[in-house]
Each structure stands twice: as structure tokens, then as C-alpha cells.
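Visitor: Handing you a structure now.
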Amino acid sequence: MRVETLSVFPQMFEAPMSLSIIGRARKAGILDFIAHDLRDWTHDNHNTTDDEPYGGGAGQLMKVEPVFEALDDLLAQEPARVVFFTPVGVPFSQGLAAELAREQRLIMVCGRYEGFDERVYTRADLCVSLGDYILTGGELAAMVVTDAVCRLLPGALGDAQSPLDESFSTGLLEYPQYTRPATYRGLEVPDVLLSGNHRMIAEWRRKQSIIRTAQIRPDLLEQAELSEREWELVHSCLEGEK
Ligand code: ADE
């Protein structure tokens, strides 16, 4: 897959897009990444990408022309899904990451200042928000989304790691995990994990996932597929909280 970003700070992507799993995926040809500089599509001496809002108000807005011209050029090469980052977007989720991981090419448009001239969104296939807070720009959002998408691409994670068993893929939060030593400063690893009994370990993990989800993110349970016994466990957890 190819991910391209369009922003006034392409340098921001250098380290996050070169290290660890993303860096390896790029070297292995699994992910192709290009950070474009929006200023390459400006025509004045100052490479202006922002301007004052019509009607007044605080701050500057990203201008419409550089974004339109950049997208004209980039989309003339090959089709792509165009994603804008804005707090006024659909909330990002593991499900959306999986959907985006099926695309051949993504163009991620990142704003700065107080946002974009509204007309740029006529060029959007999708507007994504990372959450109910305001970032200083869309670059960090683009990195987060690229990271979550990249690790779902076939071959991006080593064989030993699986994206299937973790938080959100099952609709539940992930169960607690431990590694050596079995006791540290009086903190013990649960006996069942040392038992070698794989059926009991799987049951314990499922139960822990359900308990954690009920305690920390009960909203996720609306979508989760639970047995009658598991729902009883949820209700006893929630009653214990009262
Ligand atoms: N740009 C500024 N805040 C943002 C957010 N919460 N999500 C996506 N893009 C943003």
C-alpha cells in the first residue's frame, strides 16, 4: 500500500515513519510512504498556505487553492482514497484502520492553524477525527492512522505477533499479560498462566477481558458477542461497582 501525506511540515514524519515496524515495512516494500510539502503547490514568494477567515474571528485558515492543486496533481497519477484530519470527522477506530488497510493508496491531508477553508472538504472521501480534543495539526493524526493501518498490512508484524487477539479486534479490551520473573517485589504472576493448561489459560484470559471491559469500557459491550454466562459475569462486575 502507498500512504502519502500533504502538509506544511513534511519533516515531522521523518523519524516515526523510519523506525520500528513502519520502518521495516517500508524496507520490505509492504508500505510505501511519501510526505508531500503543501508549499510546493503555492505560487507566491512567501509560499503562503493560510489566510484570515471571512467574517472575522481568531486565527488563520488553510487556503483552498494549494490543496485543490496538490490533489489535482496527485490524483492525476493514480486513484486514491483522500482522507482529511479534523476534529469534525468520524472517530478513528480499529474497524476504520482495518477498512483503510484494504486500500491501495491513501492521501492524507493534514491541516494547521484553525482548520481549512470549508471548500477543501469537497475533495474528501473521508474526514477522520482522532478524538474529542484539538491537536495543533493533522500530522500527528496522520501518523497515528498510518501506524494503526501499517501493522495490519500482511507481513508487517512478525509471524510471532498477531493483530487478531488484541484489544478491540475481539470487541473487548485485551487481557493482562506477564513475562519473567514470576515474582517481582512481591508482585505475582497469576498461577494459571504458569500451569501449562492451555484450556484454563484461554478461559482465564477471556474472563479477564470481559471483567476489564465491563469495568473500564462498558460502552464496548454493546457490540461484543457474549454467552449468557459471560453476561452474568458482566452484570456481577457492574453491580460490584455500585
Ligand atoms: N486536527 C486537530 N485536532 C484533530 C483531531 N482531534 N483529530 C484529527 N485531526 C485533528
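Take the sequence shown: its position 127, counting from 1, is numbered 165 in the working numbering, and each next residue is one higher.
Even for Gly, the Cβ is constructed at its ideal location relative to N, Cα and C.
1. Mark V183 as exposed unless 16 or more other C-beta atoms lie within 10 angstroms of its C-beta, in which case mark it buried.
2. Is G133 helix, strand or coil when you go by DSSP?
3. Could you work out which residue in L57, E226, E42 and R140 is closest to L76 when comparing CA atoms only?
4. Beta carbon of L44, beta carbon of A108: below 8 angstroms?
5. Please classify T251 as buried or exposed, where buried requires at least 16 other C-beta atoms within 10 Å of its C-beta.
6. Within 7 angstroms: the Cβ of P54 and any heavy atom of the ligand ADE?
7. Verify the contact flag: V2, CB atom, against every heavy atom of the ligand ADE, threshold strictly below 7 angstroms.
8. Using three-state DSSP, classify R62 as helix, strand or coil.
9. Compute the beta-carbon to beta-carbon distance between H81 and P48, rounded to the nearest angstrom, for a pair I have assumed lies under 8 angstroms.
10. Use the C-beta contact count for P129: other C-beta atoms within 10 angstroms, 16 or more gives buried, fewer gives exposed.
11. Residues in its own chain within less than 7 angstroms of L168 by CB, not counting five upstream and five downstream?
12. Starting from the Cα of P125, find the closest Cα among C148, D110, K245 and Q132 and give me that residue.
13. Can you give the Cα-Cα distance for E270 and E212, rounded to whole angstroms?
14. Along the chain, which unbroken stretches of the beta strand (DSSP E) at least 3 residues long are found entirely within the region 169-224?
15. With R150 as the anchor, note down where its beta strand (DSSP E) starts and where it stops.
16. Once you ignore the five residues that flank E141 on each side, which residues in its own chain have a CB closer than 7 angstroms to its CB?
17. So does A179 have its beta carbon nearer than 7 angstroms to some heavy atom of the ligand ADE?
18. In angstroms, rounded to a whole number, what distance separates the CA positions of R267 and R244?
19. Taking 7 angstroms as the cut-off, is the CB of I59 close to at least one heavy atom of the ligand ADE?
20. Just to confirm my understanding: we take C165, look at its own chain, exclude 5 residues before and 5 after, and list those with CB closer than 6 angstroms. What are they?
21. For a minimum of 4 consecutive residues, which ranges assigned as the alpha helix (DSSP H) are wholly contained in the region 42-86?
22. If we ignore side chains and look at the alpha-carbon of each, how far apart do Q132 and T217 end up?
Guide: So, from the data block:
1. Using a 10 angstroms sphere on the CB of V183, the tally of other CB atoms reaches 16 or more, which defines it as buried.
2. Reduced to three states, the DSSP call for G133 is helix.
3. Proximity to L76 across L57, E226, E42 and R140 peaks at E42, based on C-alpha coordinates.
4. Cβ atoms of L44 and A108: closer than 8 angstroms.
5. With 16 or more other Cβ atoms within 10 Å, it is buried.
6. For P54, the distance from the CB to the nearest heavy atom of the ligand ADE is not below 7 angstroms.
7. With the chain covering only 39 through 280, there is no way to say anything about residue 2.
8. Taken through DSSP and simplified to helix, strand or coil, R62 comes out as helix.
9. With a contact defined as Cβ atoms closer than 8 angstroms, H81 and P48 miss out at about 19 angstroms.
10. With fewer than 16 other Cβ atoms from the protein chains shown falling within 10 Å of its own Cβ, P129 counts as exposed.
11. Cβ-Cβ distances below 7 angstroms link L168 to F130, A179 and V182 in the same chain, with the five nearest sequence neighbours on each side left out; the list follows chain order.
12. Measuring C-alpha to C-alpha distances from P125 to each of C148, D110, K245 and Q132 identifies C148 as the nearest.
13. The straight-line gap from Cα to Cα measures roughly 19 angstroms.
14. Correct list: empty.
15. Run containing R150: none; DSSP gives neither H nor E here.
16. Cβ within range, chain order: M39 and R119.
17. At a threshold of 7 angstroms, A179 counts as near the ligand ADE, since its beta carbon sits closer than that to one of the ligand's heavy atoms.
18. Roughly 12 angstroms between the two C-alpha positions.
19. Not one heavy atom of the ligand ADE is found less than 7 angstroms from the C-beta of I59.
20. Excluding five sequence positions before and after C165, the CB atoms of its chain that fall closer than 6 angstroms to its own CB belong to F122, T124 and G127, given in chain order.
21. Runs of the alpha helix (DSSP H) lying entirely within the region 42-86, each at least 4 residues long, are 58-65 in chain order.
22. Between the C-alpha atoms of Q132 and T217 there is a straight-line separation of about 26 angstroms.
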